Amino acid sequence: MIRTSGIHPDLMPASMDPVTNNHMTYTPRLRMFNAPWQRWAWAALPLVSMSVLAFLPFVFAWKRGVVPPRVPGVYTLGSAIVFGFAVVQPDVNVLFAVCVWALMLTAVVHVLLLDRPKGYAK
Numbered sequence: 000m001i002r003t004s005g006i007h008p009d010l011m012p013a014s015m016d017p018v019t020n021n022h023m024t025y026t027p028r029l030r031m032f033n034a035p036w037q038r039w040a041w042a043a044l045p046l047v048s049m050s051v052l053a054f055l056p057f058v059f060a061w062k063r064g065v066v067p068p069r070v071p072g073v074y075t076l077g078s079a080i081v082f083g084f085a086v087v088q089p090d091v092n093v094l095f096a097v098c099v100w101a102l103m104l105t106a107v108v109h110v111l112l113l114d115r116p117k118g119y120a121k
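What follows is the structure, encoded as structure tokens:
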């Protein structure tokens, strides 16, 4: 990463964050989080909602151009299945609970990895 000033790269607005895409031009890197605390707030959403709202961070990430459209589609499908089972409340085995926990933990880790902090350039 090219340091343009004394500002830490994670605290720079996206418009000041140059990422090279070829030899002589720069385009701003697409960002999911504007502040470091937002990563943890978004990551808590799947756990707090028991994965029913796990799709929400990925819809925002897709709208910001960070992930392709299939990512929020997969999480929306998983959240819809969990919500459907919560409404209908059929007799389910332990496999369903394991799948719900897997969806929640995968969503949390995926949100944390969306916009990883970059190290300083030397």
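The numbering of the sequence shown is numbering that gives the first Met the number 0, which starts it at 0 and goes up by one.
Using N, Cα and C, we set each Cβ at its ideal position, and we do this for glycine too.
Computed from a predicted model, the values in this text were never measured in an experiment.
Along the chain, where does the alpha helix (DSSP H) that runs through residue i open and close?
i     : result
Pro35 : Pro35 to Val47
Val87 : Arg69 to Val87
Ala96 : Val93 to Leu113
Tyr53 : Note on residue identity: the sequence assigns Ala, not Tyr, to residue 53. Note, Ala53: premise wrong, no alpha helix (DSSP H); not H, not E.
Under a Cβ-count criterion, where at least 16 other Cβ atoms within 10 Å of its own Cβ denotes burial, should residue i be classed as buried or exposed?
i      : result
Arg38  : buried
Leu113 : buried
Val66  : buried
Val81  : buried
Hey, residue i and residue j: beta-carbon distance below 8 Å or not?
i      : j     : result
Leu102 : Gly77 : yes
Ser48  : Val99 : no
Ala96  : Pro45 : no
Comparing C-alpha positions only, which one of the options sits nearest to residue i?
i      : options                       : result
Thr75  : Arg63, Pro35, Met31 and Leu52 : Leu52
Ala42  : Pro56, Leu29 and Arg30        : Pro56
Arg30  : Trp100, Gly64 and Phe82       : Gly64
Phe54  : Val70, Cys98 and Ala40        : Val70
His109 : Asn33, Ala34 and Val58        : Val58
Ala60  : Phe82, Asn33, Ile80 and Gln88 : Asn33
To the nearest whole angstrom, what separates the beta carbons of residue i and residue j, a pair I think is in contact under 8 Å?
i     : j     : result
Val91 : Phe84 : 7 Å
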